[in-house]
């Protein structure tokens, strides 16, 4: 069975710490799994430092700083100190399996252009 990206509007996913930068985050990770993961932004041979994202429930972690710092066009996701997933383009919706786990990472693009990376177990209907 192949993993197909779903069409979902996550533009309302918002957790605020009161700062304007947090509210304006363009790149967000929501970790619905029960494991911590690392997200690494990359562009060709250049990559940002991995960002640890613990399970967050409906709250999100902003990763704008890492994406902008290396002018990233893709991200990879891994278990902590684990093998990285395939590259996931920031230009389009997509999904990758996270090696060493039963989780997947799925990228959604909201109507206002935000990128939301959802980490969780695949749903079977």
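Numbering (our numbering), first residue to last: 92 to 216. Glycine included, every Cβ here is placed at the ideal spot set by N, Cα and C. Being a predicted model, the structure only gives us computed values, none of them experimental.
DSSP three-state assignment for residue i, whether helix, strand or coil
i           : result
residue 115 : coil
residue 157 : helix
residue 169 : strand
residue 201 : coil
residue 121 : strand
residue 133 : strand
residue 209 : strand
residue 140 : coil
residue 152 : strand
residue 180 : strand
residue 194 : coil
Beta carbon of residue i nearer than 8 Å to that of residue j
i           : j           : result
residue 122 : residue 210 : yes
residue 117 : residue 205 : yes
residue 128 : residue 161 : no
residue 144 : residue 120 : yes
residue 172 : residue 146 : no
Own chain residues within Cβ distance below 6 Å of residue i, not counting five before or after
i           : result
residue 183 : none
residue 157 : 132, 139 and 142
residue 152 : 120 and 144
Candidates the options: closest to residue i by CA position
i           : options               : result
residue 200 : 138, 179, 214 and 140 : 179
residue 134 : 124, 163, 125 and 146 : 163
residue 191 : 120, 139 and 168      : 168
residue 181 : 115, 189, 196 and 172 : 196
residue 165 : 137, 152 and 212      : 137
residue 194 : 212, 126 and 203      : 212
Counted within 10 angstroms of its Cβ, other Cβ atoms place residue i as buried (16 or more) or exposed
i           : result
residue 185 : buried
residue 214 : exposed
residue 149 : exposed
Neighbourhood of residue i by C-beta, 8 Å cutoff - its chain only, sequence neighbours within 5 removed
i           : result
residue 176 : 167, 168, 169, 187, 188, 189, 190 and 196
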